[in-house]
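K.L.:
Numbering (the working numbering), first residue to last: 42 to 299. Every residue, glycine too, gets a C-beta built ideally from N, C-alpha and C.
1) Given residue 130, which residues of its chain have a CB within under 8 Å of its CB, disregarding the five upstream and five downstream residues?
2) To the nearest angstrom, report how far apart residue 290 and residue 217 are at their CA atoms.
3) So the beta strand (DSSP E) residue 152 belongs to, where does it begin and stop?
4) Any idea what DSSP makes of residue 165, helix, strand or coil?
5) Measure the alpha-carbon distance for residue 156 versus residue 284 and round it to whole angstroms.
6) Which full runs of the beta strand (DSSP E) of 3+ residues lie inside the region 257–291, going along the chain?
7) Use the C-beta contact count for residue 281: other C-beta atoms within 10 angstroms, 16 or more gives buried, fewer gives exposed.
8) Please report the distance separating the alpha-carbon of residue 151 from that of residue 88.
9) Assign residue 126 to buried or exposed, taking buried as 16 or more other Cβ atoms, counted over all protein chains shown, within 10 Å of its Cβ.
10) Compare the C-alpha of residue 238 against each of 222, 227, 250 and 231 and name the closest.
11) Would you identify the three-state DSSP class for residue 231, choosing helix, strand or coil?
12) Would you give the residue range spanned by the alpha helix (DSSP H) that residue 103 belongs to?
13) Check whether the Cβ atoms of residue 117 and residue 205 sit closer than 8 Å, and answer yes or no.
14) Check whether the Cβ atoms of residue 112 and residue 177 lie closer than 8 Å to each other.
15) Could you give the DSSP three-state label for residue 194: helix, strand or coil?
16) Between which two residues does the beta strand (DSSP E) harbouring residue 112 extend?
17) Can you list, in chain order, the residues of its chain with a C-beta nearer than 6 Å to that of residue 110? Leave out the 5 residues immediately preceding and following it.
18) Less than 8 Å between the CB atoms is what I'm expecting for residue 193 and residue 102, so what's the real figure, rounded?
19) Do residue 210 and residue 180 have their beta-carbon atoms positioned less than 8 Å apart in this structure?
20) Can you say whether residue 227 is buried or exposed, counting buried as having 16 or more other CB atoms within 10 angstroms of its CB?
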């Protein structure tokens with residue numbers, strides 16, 4: 042069977058659009074009585090149009106509130122495809138809740154960077170949403186997306202990341218990006234303080250004291266501490282330790298300081 046042309050796809054999408062007073066989602070167009078094709082025709086029409094992702098990103102950024110510091114959130118999503126044997130670029134992905142309680146399966150990974158409004162709505166506006174190819178990693182893809190977004194923003198953004206990105210690799214990959222990063226850390230992560238001044242005897246220490254998140258006995262007194270009342274979480278205690286680094290980051294920090 043011959044594949045319908047682009048003009049045909051455009052026509053079958055225009056009919057439900059013109060006849061619908063409002064459209065809340067793209068897939069909702071297939072529910073229109075004027076839409077007499079298969080639901081996949083919607084996405085074939087979208088694919089034929091080949092929208093430019095960078096132009097869409099700039100259009101989305103224009104919808105952001107002016108004068109407000111942007112809050113971005115990055116995430117890595119797994120789409121399990123164990124039975125799609127003909128699907129290209131399937132990779133081994135790790136996910137806790139997968140089919141058959143198997144944490145490692147075959148599928149595709151997607152990286153998303155979205156703008157999160159601080160208040161007033163529960164919706165998020167995706168600025169970049171792209172598949173992670175077999176030649177990339179979730180960290181390299183997220184760093185590239187963050188670079189693409191931040192170089193367009195006029196105000197320095199703050200980005201939020203899950204524990205997958207709370208590692209030295211991601212900090213190194215995003216070190217030159219004009220953006221502040223707030224990352225969740227796994228409980229088994231370890232940090233080191235700045236090494237003490239060289240005493241003149243033996244080999245100079247590369248790292249200071251060990252700071253293990255899961256062992257409070259290794260914690261030293263915080264540099265700053267405060268308590269705030271949150272309407273949802275109740276009373277929160279915030280503690281700040283400065284001058285900490287990942288083990289793999291110290292040599293990089295020394296080179297940047299020179």
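P.N.:
Per the coordinate set shown:
1) The residue labelled residue 130 in the question sits at position 89 within the chain shown. Only 149, 172, 174 and 175 meet the Cβ criterion.
2) By 1-based counting over the chain shown, the position of residue 290 is 249. By 1-based counting over the chain shown, the position of residue 217 is 176. In a straight line, the C-alpha of residue 290 is about 14 Å away from that of residue 217.
3) Residue numbering aside, residue 152 sits at position 111 when the chain shown is read from its first letter. It spans 145–156 - the beta strand (DSSP E) in which residue 152 sits, taken as one unbroken run.
4) As a working note, residue 165 is residue 124 in the chain shown. Coil at residue 165, not helix or strand.
5) The residue given as residue 156 occupies position 115 in the chain shown. The residue given as residue 284 occupies position 243 in the chain shown. Rounded to whole angstroms, residue 156 to residue 284 spans 30 Å at the Cα level.
6) The DSSP assignment places complete beta strand (DSSP E) segments of no fewer than 3 residues inside the region 257–291 at 265–271 and 275–281, in order along the chain.
7) Position 240 of the chain shown, counted from the start, is the residue given in the question as residue 281. Residue burial is scored here from C-beta neighbours: residue 281 has fewer than 16 other C-beta atoms within 10 angstroms and is therefore classed as exposed.
8) On the chain shown, residue 151 is found 110 positions in, with the first residue counted as 1. On the chain shown, residue 88 is found 47 positions in, with the first residue counted as 1. It is roughly 18 Å from the alpha-carbon of residue 151 to the alpha-carbon of residue 88.
9) Position 85 of the chain shown, counting from 1, holds the residue named residue 126. In this structure residue 126 is exposed. Its beta-carbon is surrounded by fewer than 16 other beta-carbon atoms within 10 angstroms.
10) Looking up residue 238 in the chain shown gives position 197. Nearest of 222, 227, 250 and 231 to residue 238, Cα basis: 250.
11) For this step, residue 231 is matched to residue 190 along the chain shown. Correct three-state label for residue 231: strand.
12) For the purposes of this step, residue 103 is taken as the residue at position 62 of the chain shown. Residue 103 -> alpha helix (DSSP H) spans 94–103.
13) On the chain shown, position 76 is the one that residue 117 refers to. On the chain shown, position 164 is the one that residue 205 refers to. For residue 117 and residue 205, yes; Cβs fall inside 8 Å.
14) Counting from 1 along the chain shown, the entry for residue 112 is found at position 71. Counting from 1 along the chain shown, the entry for residue 177 is found at position 136. No, the Cβ-Cβ distance between residue 112 and residue 177 is not below 8 Å.
15) Here residue 194 is taken as the residue at index 153 of the chain shown, counted from 1. Residue 194 sits in coil when the DSSP states are folded into three classes, being neither helix nor strand.
16) Taking the chain shown and counting its residues from 1, one reaches residue 112 at position 71. Run containing residue 112: 112–121, per the beta strand (DSSP E) assignment.
17) In the chain shown, counting from the first residue as 1, residue 110 sits at position 69. Its chain contains 196 as the residues whose beta carbon lies nearer than 6 Å to that of residue 110, once the 5 sequence neighbours on both sides are disregarded; these appear in chain order.
18) The residue given as residue 193 occupies position 152 in the chain shown. The residue given as residue 102 occupies position 61 in the chain shown. That pair is a contact at about 6 Å.
19) Position 139 of the chain shown holds residue 180. Position 169 of the chain shown holds residue 210. Yes, the Cβ-Cβ distance between residue 180 and residue 210 is below 8 Å.
20) Sequence index remark: in the chain shown, residue 227 carries index 186 (1-based). Exposed.
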